[in-house]
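2 protein chains.
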Amino acid sequence: MGRLGLVQPRQEGRAPRTGRPRDPQIGRTVLDATLAVLDEAGYTRLTIEEVARRAGATKPAIYRRWPDRRRLVLAALATRLGTARTPDTGCTLCDLNEGINVFVAAFRRIRPGVLEPLFADCAAEPEARETFMTTLFDPPRAAVAEMIERAVARGDLRADLDRELVLDMLGSLVHYRALFGHAPITGDQVESAVEAVLGGIATDYPALLAHSREVAGDPRTHAAHG
Amino acid sequence: MGRLGLVQPRQEGRAPRTGRPRDPQIGRTVLDATLAVLDEAGYTRLTIEEVARRAGATKPAIYRRWPDRRRLVLAALATRLGTARTPDTGCTLCDLNEGINVFVAAFRRIRPGVLEPLFADCAAEPEARETFMTTLFDPPRAAVAEMIERAVARGDLRADLDRELVLDMLGSLVHYRALFGHAPITGDQVESAVEAVLGGIATDYPALLAHSREVAGDPRTHAAHG
DNA sequence: CTCATAACATTACGGGGCGTAACGTAATAT
DNA sequence: ATATTACGTTACGCCCCGTAATGTTATGAG
Numbered sequence: 244m245g246r247l248g249l250v251q252p253r254q255e256g257r258a259p260r261t262g263r264p265r266d267p268q269i270g271r272t273v274l275d276a277t278l279a280v281l282d283e284a285g286y287t288r289l290t291i292e293e294v295a296r297r298a299g300a301t302k303p304a305i306y307r308r309w310p311d312r313r314r315l316v317l318a319a320l321a322t323r324l325g326t327a328r329t330p331d332t333g334c335t336l337c338d339l340n341e342g343i344n345v346f347v348a349a350f351r352r353i354r355p356g357v358l359e360p361l362f363a364d365c366a367a368e369p370e371a372r373e374t375f376m377t378t379l380f381d382p383p384r385a386a387v388a389e390m391i392e393r394a395v396a397r398g399d400l401r402a403d404l405d406r407e408l409v410l411d412m413l414g415s416l417v418h419y420r421a422l423f424g425h426a427p428i429t430g431d432q433v434e435s436a437v438e439a440v441l442g443g444i445a446t447d448y449p450a451l452l453a454h455s456r457e458v459a460g461d462p463r464t465h466a467a468h469g
Numbered sequence: 244m245g246r247l248g249l250v251q252p253r254q255e256g257r258a259p260r261t262g263r264p265r266d267p268q269i270g271r272t273v274l275d276a277t278l279a280v281l282d283e284a285g286y287t288r289l290t291i292e293e294v295a296r297r298a299g300a301t302k303p304a305i306y307r308r309w310p311d312r313r314r315l316v317l318a319a320l321a322t323r324l325g326t327a328r329t330p331d332t333g334c335t336l337c338d339l340n341e342g343i344n345v346f347v348a349a350f351r352r353i354r355p356g357v358l359e360p361l362f363a364d365c366a367a368e369p370e371a372r373e374t375f376m377t378t379l380f381d382p383p384r385a386a387v388a389e390m391i392e393r394a395v396a397r398g399d400l401r402a403d404l405d406r407e408l409v410l411d412m413l414g415s416l417v418h419y420r421a422l423f424g425h426a427p428i429t430g431d432q433v434e435s436a437v438e439a440v441l442g443g444i445a446t447d448y449p450a451l452l453a454h455s456r457e458v459a460g461d462p463r464t465h466a467a468h469g
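If you read the sequences in order, they're chains A and B.
Per the numbering used here, the very first residue in the first sequence carries number 244; after that it's consecutive.
Per the numbering used here, the very first residue in the second sequence carries number 244; after that it's consecutive.
In structure tokens form, the structure reads like this:
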């Protein structure tokens, strides 16, 4: 048990320069087995022993590569999320629809009953939470963000837009329906959502705004005078 | 071990007509203790033994009333969600803002780190999932749905609206930000979101739509020609 | 070739929490 | 008085996590 400093040689990535080298096959097989178990049983019922059994590996071999269940699953899921493409056709409606479908596709690749308990589990530890966000949350978001940015630059979207808000309004819908499963999220639905956000759902928005100002004097007080 | 049929007398609500009656104080104290532990430790680290300890009760006493951890926590949280009010001032902007804030308030009453793992836990069993939806998911939703319905009836929102979609677009935003905590959801943000959905974010939506039709021939093929 | 190092498989362990069982006691209906 | 059920206490079986111990095997350094 040499005191080698803080860098742990047991972690994925950093191999020591001496001793028997790791069998690279084991890492791959374990990740595949992890995905298989996730698909069949979900995160909650995934046990390390089952993964080891399927991979033809052993528990210690797994713990040599990943510090805990969370990281193992994060690593496995990361292999499923290829780099997000960001279409740039110059057609804002087209690009946004396509972009949202990147979200949808990402969620379809991961079975219901996986993402939520995983996040819940990661949320406790800051470092695991960070990894979760970087690995699973940010990438599809960034793709859509890029398209929104381009649309604003083209002048297709209002320049004073709260980009984060719009991004979340589109992304959250997909997430929400994927999570609760109370309604499907089809290509047509995506299109409707994009249309709604871009075109608005009011029959006469300026009139509504004027009315609101009449009633309240100042639109900022909406929430207060219920 | 009498075979009394399918109705289990051990459940909350149905008391048998003979034998020692339950101490009603215990049920209340346990629910209070459950909420306290939830607030301090979250769902994942809530243990029945800790709840029992705080309530001055015992594990068997708890399991006599609720079949498992899920149901106990669901019952406890239900006591925190009062009946949702649905403002009806005739001002669509005002009502919607107020309505969304019902969502926000509901989520604020429940600490982060509670709802998600609870749902993840409930999702496995259909009956528990149903209880979750009925208790925690539907009520605030129904309130906002009612307001959307009234706004459509007034003619303030387009009659051809996909009500479920709009409802989810507003509700999911709150949920999303509460869950991931990457951005706050303030009263101003709620107002911006409502404004965005009602008024639209495009500078010239009809022009965008026309352009999209030019490019694709048929707007239904948006998602396909990336 | 010899030695240090570390991965490998196998086995076993400590620990925590769930949900239940066993037992004696207390309270209520008939 | 008797049956029934709740109560507290204690203990149990179960499952799974993450680690440790042990002997063996593969590699780099000298």
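C-beta: ideal position from N, C-alpha, C; glycine also.
- Query: Which residues bound the alpha helix (DSSP H) around V273 of chain B?
  - Reply: Translated into the one-based positions of the second sequence, residue 273 of chain B becomes position 30. Here the alpha helix (DSSP H) through V273 of chain B covers P267 to A284.
- Residues bridged to A386 of chain B (per DSSP): Counted from its first residue, the second sequence places residue 386 of chain B at position 143. Bridge partners of A386 of chain B: none, in fact.
- Message: Let me check one thing: in DSSP terms, what residues is A445 of chain B bridge-paired to?
- Response: Here residue 445 of chain B refers to the residue found at position 202 when the second sequence is read from its first residue. According to DSSP, residue pairing for A445 of chain B in a beta bridge involves A:L400.
- How many Å lie between F423 of chain A and W309 of chain A at the Cα? Here residue 423 of chain A refers to the residue found at position 180 of the first sequence. Here residue 309 of chain A refers to the residue found at position 66 of the first sequence. Roughly 30 Å separates the two Cα atoms.
- Item | Where D411 of chain A falls: helix, strand or coil (DSSP) | Position 168 of the first sequence, counted from the first residue, corresponds to residue 411 of chain A. If DSSP states are grouped into helix, strand and coil, D411 of chain A belongs with the helices.
- Query: Is E359 of chain A close to chain B, meaning its C-beta is less than 9 Å from at least one C-beta of that chain?
  - Reply: Within the first sequence, numbered from 1, the residue matching residue 359 of chain A stands at position 116. It does: the Cβ of E359 of chain A has a partner Cβ on chain B nearer than 9 Å.
- Item | Of the listed residues B:A450, B:G262, B:R354 and B:C334, nearest to D399 of chain B (C-alpha basis) | Working through the second sequence from its first residue, we reach residue 399 of chain B at position 156. Checking every option, the nearest Cα to that of D399 of chain B belongs to B:C334.
- For H425 of chain A, which of helix, strand or coil comes out of DSSP? Reading the first sequence from its first residue, position 182 is the one you call residue 425 of chain A. Coil at H425 of chain A, not helix or strand.
- Best match in B:G299, B:P264, B:V316 and B:G270 for proximity to A284 of chain B [C-alpha to C-alpha]: As a working mapping, residue 284 of chain B is identified with position 41 in the second sequence. Residue B:V316 is the option with its Cα nearest to A284 of chain B.
- Message: Any beta carbon of chain B sitting closer than 9 Å to that of L416 of chain A?
- Response: The residue you call residue 416 of chain A lines up with position 173 of the first sequence. By this cut-off, L416 of chain A is an interface position.
- Query: According to the neighbour-count rule (16 or more other Cβ atoms, all chains shown, within 10 Å of its Cβ), is P264 of chain B buried or exposed?
  - Reply: To locate residue 264 of chain B, count along the second sequence from 1; it is residue 21. The residue in question, P264 of chain B, is exposed, as its Cβ has fewer than 16 Cβ neighbours within 10 Å.
- Task: Label Q268 of chain A either buried or exposed according to how many other C-beta atoms from any shown protein chain fall within 10 Å of its C-beta, with 16 as the threshold for buried.
- Result: Taking the first residue of the first sequence as 1, we reach residue 268 of chain A at position 25. Exposed: under 16 other Cβ atoms inside 10 Å.
- Three-state secondary structure assigned by DSSP to P310 of chain A: For this step, residue 310 of chain A is matched to residue 67 along the first sequence. Annotated three-state conformation of P310 of chain A is coil, per DSSP.
- Closest residue to A298 of chain B among B:Y419, B:A402 and B:D266 (Cα-Cα distance): Within the second sequence, numbered from 1, the residue matching residue 298 of chain B stands at position 55. The alpha carbon of A298 of chain B has as its nearest neighbour, out of B:Y419, B:A402 and B:D266, the alpha carbon of B:D266.
- Query: Since A363 of chain A is in the alpha helix (DSSP H), which residue starts that stretch and which ends it?
  - Reply: For the purposes of this step, residue 363 of chain A is taken as residue 120 along the first sequence, with counting starting at 1. A363 of chain A -> alpha helix (DSSP H) spans L358 to A366.
- Message: What does the alpha-carbon distance come out to for the pair G256 of chain B and L358 of chain B?
- Response: Residue numbering aside, residue 256 of chain B sits at position 13 when the second sequence is read from its first letter. Residue numbering aside, residue 358 of chain B sits at position 115 when the second sequence is read from its first letter. Caution is warranted here: a pLDDT of 47 is assigned to G256 of chain B, below 50, making its placement in the model unreliable, and the coordinate value is therefore given only provisionally. If I take the Cα positions, the gap works out to 24 Å.
- Of all the residues that make up the stretch 401-414 of chain B, which are near chain A by a beta-carbon distance shorter than 9 Å? Going along the stretch 401-414 of chain B in chain order, one finds R401, A402, L404, D405, E407, L408, V409, D411, M412, L413 and G414 with a Cβ nearer than 9 Å to chain A.
- For Y419 of chain B, return the contacting residues in chain A, with the cut-off set at a CB-CB distance below 8 Å. Counting from 1 along the second sequence, the entry for residue 419 of chain B is found at position 176. Here the neighbours are D411, G414, S415, H418 and Y419.
- Could you tell me if G325 of chain B is buried or exposed, where buried requires 16 or more neighbouring beta carbons within 10 angstroms of its beta carbon? Reading the second sequence from its first residue, position 82 is the one you call residue 325 of chain B. Classification of G325 of chain B: exposed, given that the 10 Å Cβ count is below 16.
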